[in-house]
Amino acid sequence: MKKNTIVMLGGFIIAGAIVFLLMAATPGSSGVELTMKELLATQEQHKDDFVTVEGLLIEDSIKWDANKIELKFDVQDNDGNVMHVIHNGTQPDNFSEGVITILQGAPTKKNTFVAETVKTRCPSKYEGKDIKDYDPETHKDKLNKTTKEK
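My numbering puts the sequence shown at residues 2 to 151.
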């Protein structure tokens with residue numbers, strides 16, 4: 002075989018391997034984002050999908066098994082729908098009542114979700130005030146004071 006043919010064949014193999022690895026390493030990019038109500042209604046259709054769903058944590062339902070490194074808990078939505086979650090991994094730091102959990106994984110049996118990742122949103126105490134209470138004049142006065150001090 003000619004030297005150029007061997008180099009081109011090797012280049013195609015390397016490029017193909019890179020494309021395969023990129024596709025295999027990003028399952029979340031091909032996933033589906035659903036509300037809990039939608040997921041529970043169409044759970045059978047999404048059992049083979051990588052799904053992102055969120056819900057409010059029910060603190061009384063948290064069960065941690067340190068030997069198995071398994072976390073089980075329930076989440077609910079605003080309509081009162083409840084879903085059981087199983088996660089093989091540690092629990093997030095601010096895992097407490099009323100925290101919004103963002104789950105990524107797959108639904109299994111009825112009303113049960115196996116989460117590959119569990120994330121939480123910051124509690125509302127860290128969020129800014131509502132925009133309707135915003136006073137631009139107060140903000141402008143504070144900005145002018147700090148600018149003059151410098």
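Think of the CB as a built atom: it goes at the ideal place given N, C-alpha and C, for glycine as much as any other residue.
Whose C-alpha, out of the options, is nearest the C-alpha of residue i?
i      : options                     : result
ASN68  : GLY11, MET84, ASP94, ASN89  : ASN89
VAL76  : TRP65, VAL100, ASN95        : VAL100
THR121 : ASP94, ALA16, GLU60, PRO108 : ASP94
ASN112 : ASP66, VAL119, VAL54        : VAL54
PRO108 : GLY12, VAL52, MET9          : VAL52
LEU104 : LEU72, ASP80, GLY81         : LEU72
Could you give the residue range of the beta strand (DSSP E) that holds residue i?
i      : result
MET84  : 83-88
GLY56  : 52-66
THR6   : THR6 -> not in any beta strand (DSSP E); alpha helix (DSSP H) instead, spanning 4-26.
LEU35  : Here LEU35 belongs to no beta strand (DSSP E), and DSSP marks it neither H nor E.
PRO93  : Here PRO93 belongs to no beta strand (DSSP E), and DSSP marks it neither H nor E.
GLN105 : 101-108
GLN77  : 71-77
LYS48  : No beta strand (DSSP E) contains LYS48, which DSSP labels as neither H nor E.
For residue i, count neighbouring Cβ atoms within 10 angstroms of its own Cβ and tell me buried if that reaches 16, exposed if not.
i      : result
ALA116 : buried
LEU35  : buried
MET84  : buried
LEU23  : exposed
VAL119 : buried
MET37  : buried
PHE74  : buried
PHE114 : buried
THR6   : exposed
LEU10  : exposed
VAL86  : buried
ILE19  : exposed
Taking 8 Å as the threshold (C-beta atoms), are residue j and residue i in contact?
i     : j     : result
ASP78 : GLY56 : yes
ILE70 : THR91 : yes
GLY32 : ASP50 : yes
Whole-angstrom Cβ separation of residue i and residue j, contact assumed at under 8 Å?
i     : j     : result
LEU41 : HIS47 : In fact, because the Cβ distance is near 10 Å, the residues do not count as touching under 8 Å.
PHE21 : LEU58 : Wrong, their Cβ atoms sit about 37 Å apart, outside the cutoff.
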